[in-house]
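Structure record follows, encoded as structure tokens.
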Amino acid sequence: MRIGEAAAAAGLTTKTIRFYEDRGLLPPAERASNGYRDYAHDTVSRLEFIRRSQMAGLTLAQIQDILRIRDAGSTPCLHVRDVLARQLMDLDRQIAEIMALRATVARYHAAAEAADPESCDPERICSYL
43 MRIGEAAAAA GLTTKTIRFY EDRGLLPPAE RASNGYRDYA HDTVSRLEFI
93 RRSQMAGLTL AQIQDILRIR DAGSTPCLHV RDVLARQLMD LDRQIAEIMA
143 LRATVARYHA AAEAADPESC DPERICSYL
């Protein structure tokens with residue numbers, strides 16, 4: 043299958059597929075006599091896996107590690123479970139940090155709403171922060 047067909051089937055651009063191939067996420071495509079890339083039909087499922095992995099927030103390096111395990115003939119299930127567990131911990135940490143940031147901004151905003159701009163201290167840049 044040509045690169046355009048693979049791109050359309052996976053919902054990607056040809057540029058993205060070339061990028062994945064350059065990064066080693068896809069094995070190099072065979073070349074037809076005219077020089078066009080000729081991808082195997084299982085390329086689409088691999089591209090869909092890459093997209094799903096990115097939607098889960100995995101990095102290309104993490105995805106590549108999973109693909110290496112699979113390409114070596116092993117199932118990457120335990121590795122994926124561990125990667126997803128770390129991803130969940132990272133997301134929980136980020137959510138907590140964002141919630142703390144939101145609370146800080148809400149406090150500053152409440153103070154700014156309640157304050158009289160005419161009573162601002164001219165020696166300070168802004169008394170709201």
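The sequence shown begins at 43 in this note's numbering and counts up one residue at a time.
For glycine and all other residues, C-beta sits at the position ideal for the given N, C-alpha and C.
Just confirm the distance between the C-beta atoms of residue i and residue j, as a whole number of angstroms; I'd bet it's less than 8 angstroms.
i, j, result
"A71", "Y62", "Not really, about 11 angstroms apart at Cβ, beyond 8 angstroms."
"H121", "I108", "6 angstroms"
"A52", "R93", "7 angstroms"
Have a look at the options and flag the residue whose alpha-carbon is nearest the alpha-carbon of residue i.
i, options, result
"G77", "I45, L100, L120", "I45"
"F91", "P118, M43, L171, A138", "P118"
"R88", "D107, G99, L67, T101", "L67"
"A152", "P69, L171, R166", "L171"
"A98", "A156, R123, H83, S75", "R123"
"Y150", "R65, T56, S169, A74", "S169"
"L133", "T146, L100, E160", "L100"
Is it the case that the CB of residue i approaches a heavy atom of the ligand ADP more closely than 6 angstroms?
i, result
"D80", "The ligand ADP is absent from the structure shown, which contains no ligands of any kind."
Should residue i go down as buried or exposed, given a rule of 16 or more other Cβ atoms within 10 Å for buried?
i, result
"T85", "buried"
"I105", "buried"
"R79", "buried"
"A127", "exposed"
"V125", "buried"
"L54", "buried"
"I167", "exposed"
Let's see if you can read the secondary structure: which residues bound the alpha helix (DSSP H) around residue i?
i, result
"H83", "Careful: H83 lies outside any alpha helix (DSSP H) and carries neither H nor E."
"A152", "119–156"
"L109", "102–113"
"E63", "56–65"
"I45", "45–52"
Three CB pairs or more closer than 8 angstroms across the stretch 141–152 and the stretch 109–125 = no
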